[in-house]
Amino acid sequence: MTVTTAPAPKAISKTVAGKTVTMTPEQAEAFGRELDALKDRVIADLGERDTTYIRRIIKAQRTLEVSGRALLFGGIFPPFWLAGTAMLGISKILDNMEIGHNVMHGQYDWTGDPALSSKKFEWDTACPADQWRHSHNYMHHTYTNIVGMDRDIGYGILRMSEDQPWRPYFLGNPVYAFLLMVLFQYGVALHEMETERIKSGEISLSDKREILEGIWRKTKRQTLKDYVAFPLLAGPFAPFVFAGNMTANLMRNVWSYMIIFCGHFPEDVQEFSIEETKAETRGMWYFRQVLGSANLTGGKLFHILSGNLSFQIEHHLFPDIPAHRHAEISEEVRAICERYGVPYNTGPLAKQFATVVRKIVKLALPSRLTNRAPVADAVPAGV
Amino acid sequence: MFTQTLTRRVLASPLVDLLTGPHGVDRYTELVAPTWTTGDARAKIVAVRRQTPRSVTLTLEPNRAFTGFRAGQHINLTVEIDGRRRTRPYSPASAEGSRHIELTIGRHDGGLVSTYLCEHARPGMVVGLDSVGGEFVLPSQRPRRVLFVSGGSGITPVLSMLRTMRAEGSDRQIAFIHYARSAEEACYRAELEAMPGVKVLHGYTRATAGTDLDGRFGPEHLATAMPNPDAVFVCGPPALVDAVRAHCANVLSESFVPPVFDIPAEASGGNITFADSGVEVTDDGRPLLEQAESAGLTPDSGCRMGICHSCTRRKTNGVVKNLITGAVSSAEQEDVQICVTVPVGDVDIAL
Numbered sequence: 001m002t003v004t005t006a007p008a009p010k011a012i013s014k015t016v017a018g019k020t021v022t023m024t025p026e027q028a029e030a031f032g033r034e035l036d037a038l039k040d041r042v043i044a045d046l047g048e049r050d051t052t053y054i055r056r057i058i059k060a061q062r063t064l065e066v067s068g069r070a071l072l073f074g075g076i077f078p079p080f081w082l083a084g085t086a087m088l089g090i091s092k093i094l095d096n097m098e099i100g101h102n103v104m105h106g107q108y109d110w111t112g113d114p115a116l117s118s119k120k121f122e123w124d125t126a127c128p129a130d131q132w133r134h135s136h137n138y139m140h141h142t143y144t145n146i147v148g149m150d151r152d153i154g155y156g157i158l159r160m161s162e163d164q165p166w167r168p169y170f171l172g173n174p175v176y177a178f179l180l181m182v183l184f185q186y187g188v189a190l191h192e193m194e195t196e197r198i199k200s201g202e203i204s205l206s207d208k209r210e211i212l213e214g215i216w217r218k219t220k221r222q223t224l225k226d227y228v229a230f231p232l233l234a235g236p237f238a239p240f241v242f243a244g245n246m247t248a249n250l251m252r253n254v255w256s257y258m259i260i261f262c263g264h265f266p267e268d269v270q271e272f273s274i275e276e277t278k279a280e281t282r283g284m285w286y287f288r289q290v291l292g293s294a295n296l297t298g299g300k301l302f303h304i305l306s307g308n309l310s311f312q313i314e315h316h317l318f319p320d321i322p323a324h325r326h327a328e329i330s331e332e333v334r335a336i337c338e339r340y341g342v343p344y345n346t347g348p349l350a351k352q353f354a355t356v357v358r359k360i361v362k363l364a365l366p367s368r369l370t371n372r373a374p375v376a377d378a379v380p381a382g383v
Numbered sequence: 384m385f386t387q388t389l390t391r392r393v394l395a396s397p398l399v400d401l402l403t404g405p406h407g408v409d410r411y412t413e414l415v416a417p418t419w420t421t422g423d424a425r426a427k428i429v430a431v432r433r434q435t436p437r438s439v440t441l442t443l444e445p446n447r448a449f450t451g452f453r454a455g456q457h458i459n460l461t462v463e464i465d466g467r468r469r470t471r472p473y474s475p476a477s478a479e480g481s482r483h484i485e486l487t488i489g490r491h492d493g494g495l496v497s498t499y500l501c502e503h504a505r506p507g508m509v510v511g512l513d514s515v516g517g518e519f520v521l522p523s524q525r526p527r528r529v530l531f532v533s534g535g536s537g538i539t540p541v542l543s544m545l546r547t548m549r550a551e552g553s554d555r556q557i558a559f560i561h562y563a564r565s566a567e568e569a570c571y572r573a574e575l576e577a578m579p580g581v582k583v584l585h586g587y588t589r590a591t592a593g594t595d596l597d598g599r600f601g602p603e604h605l606a607t608a609m610p611n612p613d614a615v616f617v618c619g620p621p622a623l624v625d626a627v628r629a630h631c632a633n634v635l636s637e638s639f640v641p642p643v644f645d646i647p648a649e650a651s652g653g654n655i656t657f658a659d660s661g662v663e664v665t666d667d668g669r670p671l672l673e674q675a676e677s678a679g680l681t682p683d684s685g686c687r688m689g690i691c692h693s694c695t696r697r698k699t700n701g702v703v704k705n706l707i708t709g710a711v712s713s714a715e716q717e718d719v720q721i722c723v724t725v726p727v728g729d730v731d732i733a734l
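These protein sequences, in sequence, are chains A and B. According to the numbering used here, the first sequence holds residues 1 to 383 in order. According to the numbering used here, the second sequence holds residues 384 to 734 in order.
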């Protein structure tokens with residue numbers, strides 16, 4: 001008979017902005033209890049206010065979409081084209097971020113409304129909702145920032161961590177990053193293909209046949225809608241509608257790319273090794289979520305347009321509570337973090353994104369050319 | 384009429400589906416008017432009456448997505464309370480095929496939806512009409528001498544049958560016994576008394592002033608109303624249904640009180656596989672729905688008493704038992720109501 005004992009929980013230390021942050025198993029347990037209590041309080045309070053909020057956002061999104069598309073039919077007049085494109089772009093941003101991403105997290109499943117059901121919702125982008133639910137809700141949110149497990153670190157094409165071994169291919173890091181930004185909806189759609197595993201021979205293309213078919217079905221309909229059907233309906237003004245739709249998709253691509261990259265890649269956000277997260281307790285999981293995420297500061301409208309992913313830390317702690325609640329609890333989360341000496345990474349978009357760009361450029365070069373020690377070298381304390 | 388048909392054709396066309404994708408046209412039209420949907424059956428409350436202190440009578444105007452019901456069946460009504468959708472089965476009292484649906488909802492003590500509707504229903508409110516079901520219906524070959532019996536809010540499906548038969552103009556002999564706690568709590572009293580050609584008898588069981596019949600249903604009540612009817616339709620508490628069955632032949636019944644489950648003394652200990660979720664649990668003897676919920680799953684459900692079919696799932700393998708009917712299902716690929724179904728050994732459910 002084989003007896004396996006789980007390894008005893010141990011303290012984890014990380015160096016953040018030159019300071020050592022340590023979380024012992026006892027601290028982690030108390031930290032987790034406080035966060036659990038906060039979550040329970042919010043869940044007990046969910047009700048009509050939340051349903052009304054998301055329905056108002058949905059109504060605004062659909063109104064912007066219909067008005068934007070209508071204005072684009074008159075797109076030969078520049079003010080109409082500009083207004084129509086802007087409205088359609090904002091509509092797509094709302095659809096994907098504050099509505100789609102959050103509804104698919106199950107934030108509104110408790111309402112029992114099929115239109116707000118995480119399992120049934122489909123969004124206005126190339127990526128099929130069911131594939132997103134697997135790669136994002138399950139893989140990324142469970143294994144956040146664990147190098148080798150969280151495929152959101154570089155999406156299989158970029159080098160976003162010192163722990164990813166450098167290859168000459170990564171000299172093109174800034175170029176790939178730029179292309180991913182412009183074509184973001186297709187990058188997201190292809191995420192579940194796991195092309196890097198196909199390339200390495202770990203799996204074959206035929207293993208991904210169903211995934212590819214799903215991507216093709218969804219992308220085909222999205223393309224037909226934005227680039228064939230709506231332009232054709234405009235008759236002689238087809239080029240204006242085509243260009244407007246393309247620009248709106250580009251707006252959404254660039255915006256969501258910036259917000260999402262600012263969630264986990266700004267300076268001082270920590271990565272973790274598989275070794276560090278073995279037999280991880282709930283409290284340590286919370287600790288990893290805070291150290292592995294970064295917030296953005298801004299006004300109310302900015303938060304809505306970011307899908308409240310500007311509260312990335314709160315989102316990663318509690319991915320299934322309605323996102324508009326994240327702003328409300330952020331002060332309390334921050335206070336809890338301060339009490340346990342856990343750094344709370346936040347800053348304005350321009351500053352955070354600048355550090356992301358710097359990282360993309362720096363990691364194009366081999367680690368020995370840069371001065372920072374790889375993260376995996378961090379030694380767990382108390383060993 | 385022509386424009387309406389055209390509008391519906393256009394809204395249901397593949398082109399409109401593509402243009403409004405991926406959400407679908409209903410998610411846009413409902414923002415103009417909540418009942419303007421082609422796929423989701425919904426209704427607007429157009430009138431609210433409070434006939435008795437413990438009930439509310441709603442007149443609903445269904446949209447075109449609603450495909451109707453047969454007299455005696457129930458509709459799964461969805462109401463949103465504090466941001467959450469709640470679904471409960473209610474039997475309409477209106478005649479089959481009428482433009483409006485009439486519901487009379489009795490307030491159950493501690494009942495979330497019935498209490499909410501009694502207190503807050505108002506004209507203009509929109510409700511969902513999720514699905515229609517029930518085997519408690521009139522036979523297509525209408526019987527000649529019919530006795531209807533109802534107790535409390537069980538009056539609605541029986542009244543629907545009565546109104547349907549009268550709307551058909553049939554010259555049949557009809558008697559109707561309705562039991563209520565008191566004259567004050569008897570719904571539709573004035574309407575029934577004014578109905579020509581139907582023998583109506585009221586039995587009041589608590590405050591007996593004005594009662595036509597004394598005590599509970601028995602041979603005397605039957606003799607007074609209609610001896611040897613061709614068919615009896617009864618809806619009410621289980622005790623009433625049992626009493627009618629004991630004294631009459633050819634009875635069709637429905638009871639609206641949750642039956643007490645005869646849970647097997649021992650759990651089968653079999654392996655339950657919720658295949659779509661990739662979850663496996665060991666059977667503890669409770670209905671599949673409860674075991675799925677304990678495992679952290681959130682399958683659709685409604686009445687939890689085996690009548691609304693909201694929770695119906697495909698059993699792909701294994702043997703299960705229906706706690707209400709006692710029916711054992713051993714065939715592969717059968718739909719089962721998971722709220723009233725327990726495993727008999729290993730079972731795979733598409734959930």
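Positions of the beta carbon are idealized from the N, C-alpha and C atoms, including for glycine. Keep in mind the model is a prediction, meaning the values are calculated, not measured.
Residue i versus the options, residue with shortest Cα-Cα distance
i        : options                                : result
A/Val16  : A/Val290, A/Gly307, A/Glu210, A/His136 : A/Val290
A/Gly347 : A/His264, A/Glu328, A/Ile274           : A/His264
B/Asn446 : B/Pro436, B/Arg467, B/Ala424           : B/Ala424
A/Gly235 : A/Ala129, A/Gly292, A/Val356, A/Gly75  : A/Gly75
A/Glu98  : A/Pro78, A/Ile329, A/Leu309            : A/Leu309
B/Arg528 : B/Arg437, B/Val581, B/Gly535           : B/Val581
Neighbourhood of residue i by C-beta, 8 angstroms cutoff - its chain only, sequence neighbours within 5 removed
i        : result
A/Ser161 : Val147, Ile153, Gly154, Glu271, Leu363, Val375
B/Phe695 : It should be noted that the sequence gives Thr, not Phe, for residue 695 of chain B. Around B/Thr695: Asp718, Val719, Gln720, Ile721.
B/Gly422 : Gly407, Asp409, Ala448
B/Ser651 : Asp666, Gly668, Val725, Pro726, Val727, Gly728
A/Asp150 : Met139, His140, Tyr143, Thr144
Own chain residues within Cβ distance below 7 angstroms of residue i, not counting five before or after
i        : result
B/Thr386 : none
A/Leu205 : Ile198
A/Ala177 : Leu158, Ile360
A/Pro380 : Low per-residue confidence applies at A/Pro380: pLDDT is 43, beneath 50, and the placement is therefore not dependable, though the value from the model is reported in the following sentence. Correct list, in chain order: Lys10, Ala11, Ile12, Ser13, Glu276.
A/Phe242 : Tyr227, Pro231
A/Asp113 : none
B/Asn654 : Glu663, Thr665, Asp729
B/Asp645 : Only weak support is given to the placement of B/Asp645: the predicted model assigns it a pLDDT of 47, under 50, and the question is left unresolved by the model.
B/Met544 : Ala454, Gly455, Leu521, Phe531, Phe616
A/Leu365 : none
A/Gly244 : Leu72, Gly75, Trp81, Gly84, Thr85, Leu88
For residue i, the residue or residues it bridges with in DSSP
i        : result
B/Tyr562 : B/Gly534, B/Gly586
A/Met87  : Per DSSP, none; premise fails for A/Met87.
B/Ser638 : B/Gly619
A/Thr346 : A/Asn295
A/Ser435 : Past the boundaries of the shown model lies residue 435 of chain A; chain A is included only from 1 to 383, so the question cannot be answered.
B/Ile428 : B/Leu443
8 angstroms contact criterion, which residue i and residue j should meet: CB distance rounded
i        : j        : result
A/Tyr286 : A/Leu250 : Actually they do not touch by this definition, with Cβ atoms about 37 angstroms apart.
B/Val723 : B/Pro670 : 6 angstroms
B/Thr435 : B/Cys570 : 6 angstroms
B/His457 : B/Ser477 : Rounded, the Cβ-Cβ distance is 13 angstroms, inconsistent with contact.
A/Pro322 : A/Lys218 : At roughly 26 angstroms, the Cβ-Cβ gap does not stay under 8 angstroms, so A/Pro322 and A/Lys218 are not in contact.
B/Leu414 : A/Lys59  : 5 angstroms
B/Gly685 : B/Ser693 : 3 angstroms
B/Glu444 : B/Ala426 : 6 angstroms
Chain-order list of residues whose beta-carbon lies under 6 angstroms from that of residue i (same chain, five-residue window excluded)
i        : result
A/Ile336 : Glu34
B/Glu637 : Phe519, Cys618
A/Met23  : Ile12, Phe287
B/Leu402 : none
B/Arg687 : Cys722
### Message
So, does the segment 104-115 of chain A touch the segment 388-396 of chain B, judging by three or more C-beta pairs under 8 angstroms?
### Response
Here the segment 104-115 of chain A does not lie against the segment 388-396 of chain B, with fewer than 3 beta-carbon pairs under 8 angstroms apart.
### Query
Are there three or more Cβ pairs, one per stretch, closer than 8 angstroms when the segment 208-223 of chain A is compared with the segment 80-94 of chain A?
Contact between the segment 208-223 of chain A and the segment 80-94 of chain A is absent, with fewer than three C-beta pairs closer than 8 angstroms.
### Message
Would you call the segment 539-559 of chain B in contact with the segment 497-507 of chain B, where contact means no fewer than 3 C-beta pairs closer than 8 angstroms?
### Response
No: the two stretches stay apart, fewer than three of their Cβ pairs being nearer than 8 angstroms.
### Query
Three or more C-beta pairs closer than 8 angstroms, one from the segment 168-184 of chain A and one from the segment 221-228 of chain A: is that the case here?
Flag = no, the segment 168-184 of chain A and the segment 221-228 of chain A do not touch.
#### Entry: Three CB pairs or more closer than 8 angstroms across the segment 58-75 of chain A and the segment 130-142 of chain A
Flag = no, the segment 58-75 of chain A and the segment 130-142 of chain A do not touch.
### Query
Should the segment 351-359 of chain A be called in touch with the segment 23-32 of chain A, which here means at least 3 C-beta pairs below 8 angstroms?
Contact fails: fewer than three Cβ-Cβ distances are below 8 angstroms.
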